[in-house]
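Residue numbers (this note's numbering), protein chains in the order written: chain A, 80 to 520; chain B, 80 to 520. We treat Cβ as the ideally placed atom computed from N, Cα and C, and that holds for glycine. Given the structure is predicted, the values throughout are model-derived calculations rather than measurements. Report on one structure; see the data block that follows.
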């Protein structure tokens, strides 16, 4: 007797991102109660399951939902506001003034929807967000079905939405309590950086992460001067400084990490700290190059992120994977230092491990959540197909995303969002951008 | 009385790439006999023209057709065949054996169609191709409407299609004669490189280019060892060596040009040699970084190319423009060394100037050929829109291409090719790839 299940994906090319980087041709993926219950050649599965719905995925590639492990989602509303500028000028003369004037609950509510729309349509099913008013973001994102790790940004100076670090910590605790037991939103502790947080605040953040056993994310050594400042003030590197303050642990992910020493790599390894690499943002703002090959060699877990769309200028993980694969080759003058499999791993398993979610998401494996992206391979730029990993990393684009499934529910189909009105989200963004600056549409 | 014209594009956002980088909101583009006859705010044009057909382009951006200034089009059939390898191993153990076994007239005929399909759908209207059997390519491309500069690759050793350099030269002359007066295909002389051509062959190539007054394209200093080899053998740099052989002139474009000195820059400038930059190929194969900011500063013309899809792995000029804009920022640790306008310029005007076509193509200006690409801006990743150049370079993707017009004829509409059967082209590619290697589809 066949087993009754919710959904069967049939005849896809499954790029599983399991420990062996297995690729299964003409695969079937059986899904029930939001989880993958079987994954094998379809010929081995077809007789065993009777599905309420079957998606015929011939000429489609199935990959795990992508994990954008570091972003500032609501900043999509500032996409392209200012470019080709040094980070300091860009922040101080453009981004911070715009944030001071415009960021409020309404802004967050609308902007995160645009961000989620862009992410879903480009195959991202989980993201880690550091931005103001995450409680508002959570409410707005509820209907979008996307998963997120979110936290209140903690800083030692007033922000558009908080007067002090004490208020920030209070709001952080409130968010954590409110998200207890939520199935798609995971609270995190998010001290902004070693140079914008006092030692006291960094310690408080570390304690909060430990108290609740939740992720902690922090910007670390993005620009050279940041690390130099900490060295001159504290007599040790940013990494060593955070370690001394007990900020580094297996719960911690550090974003960027461009300027570090061999000793720093050792500390990251020993503390099991994860690193989130943001190659496009780092290239565009010319902030530095994260030593990813060295980190991977040391066995440090590395995830991938887009950073905010104001610096990137998109939330497209396909672009990020390709850039990661290419950047380190040229940086090391060696095309073998990172390969397509490793690049894809970072965008999936690396992100999942970074947030302690490796048992749940990040690969197509039995018992994991059914967060699955189907790519349409019937495109001129995806033919011929000799190697699935290579095709994914060097030739596929986010626009090849056809279907996105989260917890077994189809949220994007034929490239269109099924769960809410796309046009309304786009219109709100147009209205905002007209308010901010005279623009054509 | 309104003037009768063939086509009017109304209400687009026109990114002209004229000398002032003008952007015109709610623009109209009047087209007649394959040329742009007027370009202005639509309100200033609407009364003056009566068009056989009007394309309403509200929420669309119009840009000049992109120019892929260095590629090996038919190599799309080897896309993803071998990756993450050093150039020498990749060439000697994978690409050359595959070429030796498979490249023939039938291969070229089919493969260039796939390449042209990919290029047209991604907004490229003109490309410069260095690959075997360009005469066969020309026949096959006739119905595709795309424009090309093509030449017989000249080498001092036997190729899959030619026994000697003499035979190559004979075939080159034959191609040049056969393309006299062709309106879309321009013949060129294509000695492969200083390290694969003898001094005699290089001189013969230079003379042929001069005799017919046609472009000459050559690979130059892609990898470090190439330049070092020439220095050790000839006692001078590759650039100086080519200059001594009279290969460098205003007709000449050199592809890659990653390893050059300040003196070489002076020579390129003095001889008015153009440079074709291939950032993605150079990153992926880790061959080097072309000093584009220095070249632009010296007033040297720089075009952009994808290189072949076996090394890139696509023919997508949008990816190339974005990569060019980001790569030099991080390479120089300065986000101001190249901006969005300069990056777009290279992919349009830079390419046009490289082949002496700046009076005909490369910008949206009156009297130029109507080679126009319309991008659909109604996408989550293209909203808000604050700066058209920035949006184009950092956020737009080739999949945003909605309409492609060549010589005033619509060849792509709603992202679909109008002029021949896409599916047939894809199928031929699938059949070939099955022949080459066991693959899933």
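With a cut-off of 8 Å on the beta carbons, I'd call residue 174 (chain B) and residue 157 (chain B) a contact; round off their distance for me. For the purposes of this step, residue 174 (chain B) is taken as residue 95 along the second chain, with counting starting at 1. For the purposes of this step, residue 157 (chain B) is taken as residue 78 along the second chain, with counting starting at 1. That pair is a contact at about 6 Å.
So if I threshold CB-CB distances at 7 Å, which residues from the region 178 to 207 of chain B count as touching chain A? 193, 196, 197 and 200
Taking its Cβ as the centre, do 16 or more other Cβ atoms sit within 10 Å of residue 390 (chain A), making it buried, or is it exposed? Looking up residue 390 (chain A) in the first chain gives position 311. Per the 10 Å Cβ criterion, buried.
Which of helix, strand or coil DSSP assigns to residue 163 (chain B): As a first step, residue 163 (chain B) must be located in the second chain, where it is residue number 84. In this structure, residue 163 (chain B) counts as coil in the three-state DSSP scheme.
With a cut-off of 8 Å, does the C-beta of residue 101 (chain A) fall near any C-beta of chain B? Indexing the first chain from 1 puts residue 101 (chain A) at position 22. Chain B, which has no Cβ nearer than 8 Å to the Cβ of residue 101 (chain A), makes this no.
Residue 512 (chain B) touches chain A at which residues, Cβ-Cβ below 9 Å? Stepping through the second chain from its first residue, residue 512 (chain B) is reached at position 433. Residues of chain A passing the Cβ test: 462, 463, 464 and 465.
Name, please, each residue of chain B whose Cβ falls closer than 7 Å to the Cβ of residue 134 (chain A). Taking the first chain and counting its residues from 1, one reaches residue 134 (chain A) at position 55. None at all; the shortest Cβ gap to chain B is about 17 Å.
Residues within the region 151 to 162 of chain A neighbouring chain B, beta-carbon criterion of under 9 Å: 155, 156, 157, 158, 159, 160, 161 and 162
Close Cβ partners of residue 372 (chain A) (< 7 Å) along its chain, the five nearest in sequence each way excluded: One-based indexing of the first chain puts residue 372 (chain A) at position 293. Same-chain partners within the cutoff: 407, 411, 416 and 417.
Step through the CB atoms of chain A and report whether any lies within less than 8 Å of the CB of residue 389 (chain B). For the purposes of this step, residue 389 (chain B) is identified with residue 310 of the second chain, where counting begins at 1. For residue 389 (chain B), the closest Cβ of chain A is not nearer than 8 Å.
Comparing C-alpha positions only, which one of A:266, A:284, A:203 and A:439 sits nearest to residue 423 (chain A)? For the purposes of this step, residue 423 (chain A) is taken as the residue at position 344 of the first chain. By alpha-carbon distance to residue 423 (chain A), the top candidate from A:266, A:284, A:203 and A:439 is A:203.
Rounded straight-line distance, which links the Cα of residue 383 (chain A) to that of residue 394 (chain A): Within the first chain, the letter at position 315 stands for residue 394 (chain A). Within the first chain, the letter at position 304 stands for residue 383 (chain A). Each residue's alpha carbon lies about 11 Å from the other.
Outcome for residue 80 (chain B) when other beta-carbon atoms lying within 10 angstroms are tallied against a minimum of 16: By one-based count along the second chain, residue 80 (chain B) stands at place 1. Exposed.
Under the three-state DSSP convention, the category residue 520 (chain A) falls into: Along the first chain, one-based indexing puts residue 520 (chain A) at 441. Caution applies to residue 520 (chain A), whose pLDDT of 36 falls short of 50 and renders its modelled position unreliable; the value that the coordinates give is listed next. Looking at residue 520 (chain A) - three-state DSSP - the assignment turns out to be coil, as it is neither helix nor strand.
Determine the extent of the alpha helix (DSSP H) in which residue 512 (chain B) is found, giving its start and end residues. Taking the first residue of the second chain as position 1, residue 512 (chain B) is located at position 433. Where residue 512 (chain B) is concerned, the enclosing alpha helix (DSSP H) stretches over 501 to 515.
Starting from the C-beta of residue 84 (chain A), find all residues in its chain whose C-beta is less than 6 Å away, skip the five residues before and the five after it, and write them out in chain order. Taking the first chain and counting its residues from 1, the one referred to as residue 84 (chain A) is at position 5. Cβ neighbours of residue 84 (chain A) beyond the five flanking positions: 109, 111, 128 and 130.
Buried versus exposed, by CB contacts within 10 Å (16 or more), residue 466 (chain A): Taking the first chain and counting its residues from 1, the one referred to as residue 466 (chain A) is at position 387. By the neighbour-count rule (16 or more Cβ atoms within 10 Å), residue 466 (chain A) is buried.
Residue 517 (chain B) classed as buried or exposed, judged by whether at least 16 other C-beta atoms fall within 10 angstroms: Counting from 1 along the second chain, the entry for residue 517 (chain B) is found at position 438. Confidence in residue 517 (chain B) is poor, its pLDDT being 48 and thus under 50, which makes the residue's placement unreliable; the coordinate value appears in the next sentence. Classification for residue 517 (chain B): exposed.
Going by the CB atoms, is the gap between residue 420 (chain A) and residue 100 (chain A) shorter than 8 Å? Working through the first chain from its first residue, we reach residue 100 (chain A) at position 21. Working through the first chain from its first residue, we reach residue 420 (chain A) at position 341. Yes; because the gap between Cβ atoms is below 8 Å, this pair is in contact.
Less than 7 Å separating the Cβ of residue 139 (chain B) from some heavy atom of the ligand NAP? Judged by which ligands are present, the structure shown has none, so any question about the ligand NAP falls away.
Of the listed residues B:478, B:453, B:495 and B:494, nearest to residue 136 (chain B) (C-alpha basis): By 1-based counting over the second chain, the position of residue 136 (chain B) is 57. Of the listed residues, the one whose Cα sits closest to residue 136 (chain B) is B:453.
Quick check on residue 165 (chain B) - is its C-beta less than 8 Å from some C-beta in chain A? To locate residue 165 (chain B), count along the second chain from 1; it is residue 86. Yes, residue 165 (chain B) counts as interfacial toward chain A.
Can you find a CB in chain A that lies within less than 8 Å of the CB of residue 478 (chain B)? One-based indexing of the second chain puts residue 478 (chain B) at position 399. It does; some Cβ of chain A falls within 8 Å.
Can you tell me whether residue 270 (chain A) is buried or exposed, with buried defined as 16 or more other CB within 10 angstroms of its CB? For the purposes of this step, residue 270 (chain A) is identified with residue 191 of the first chain, where counting begins at 1. Counting Cβ neighbours within 10 Å, residue 270 (chain A) comes out buried, since at least 16 surround it.
Step through the CB atoms of chain A and report whether any lies within less than 8 Å of the CB of residue 459 (chain B). Locating residue 459 (chain B) in the second chain gives position 380, where the first residue counts as 1. Closer than 8 Å to some Cβ of chain A, the Cβ of residue 459 (chain B) qualifies, so yes.
The alpha helix (DSSP H) enclosing residue 451 (chain B), as first and last residue numbers: Against the second chain, residue 451 (chain B) aligns to sequence position 372. Where residue 451 (chain B) is concerned, there is no enclosing alpha helix (DSSP H), although the beta strand (DSSP E) it sits in stretches over 451 to 455.
Give me, in chain order, the residues of the same chain whose beta-carbon lies closer than 7 Å to that of residue 520 (chain A); leave out the 5 immediate sequence neighbours on both sides. Along the first chain, read from residue 1 onward, the residue named residue 520 (chain A) stands at position 441. Any answer about residue 520 (chain A) is weak, because its pLDDT of 36 lies below 50 and its placement is not dependable; what the coordinates show is given next. So the qualifying residues of the chain are 509.
Would you kindly check if the distance between the Cβ of residue 86 (chain B) and the Cβ of residue 106 (chain B) is under 8 Å? Stepping through the second chain from its first residue, residue 106 (chain B) is reached at position 27. Stepping through the second chain from its first residue, residue 86 (chain B) is reached at position 7. Contact annotation: residue 106 (chain B) and residue 86 (chain B) have beta-carbon atoms that are not nearer than 8 Å.
If we cut at 8 Å on Cβ distances, does residue 408 (chain A) have a partner in chain B? Your numbering for residue 408 (chain A) matches position 329 in the first chain. Answer yes: the Cβ-Cβ gap between residue 408 (chain A) and chain B drops below 8 Å somewhere.
Beta-carbon within less than 6 Å of residue 483 (chain A)'s beta-carbon, same chain only, minus the 5 sequence neighbours each way: which residues are those? On the first chain, position 404 is the one that residue 483 (chain A) refers to. These residues qualify, in order along the chain: 199, 452, 490 and 491.
Hey, is residue 412 (chain B)'s beta-carbon within less than 8 Å of any beta-carbon in chain A? For the purposes of this step, residue 412 (chain B) is taken as the residue at position 333 of the second chain. The Cβ of residue 412 (chain B) sits closer than 8 Å to at least one Cβ of chain A.
Taking 8 Å as the cut-off, decide whether the C-beta atoms of residue 153 (chain A) and residue 216 (chain A) are in contact. Position 74 of the first chain, counted from the first residue, corresponds to residue 153 (chain A). Position 137 of the first chain, counted from the first residue, corresponds to residue 216 (chain A). Yes, these two residues count as a Cβ contact at 8 Å.
Using a Cβ cut-off of 8 Å, pull out every chain B residue sitting near residue 419 (chain A), in sequence order please. Within the first chain, residue 419 (chain A) is the residue found at index 340, counting from 1. Neighbours of residue 419 (chain A) on chain B, chain order: 162 and 163.
Alpha-carbon to alpha-carbon, residue 104 (chain A) and residue 90 (chain A): Mapped onto the first chain, residue 90 (chain A) falls at position 11. Mapped onto the first chain, residue 104 (chain A) falls at position 25. The straight-line gap from Cα to Cα measures roughly 7 Å.
Inter-stretch contact at 8 Å, needing at least 3 Cβ pairs: the region 338 to 355 of chain A / the region 115 to 123 of chain A: no
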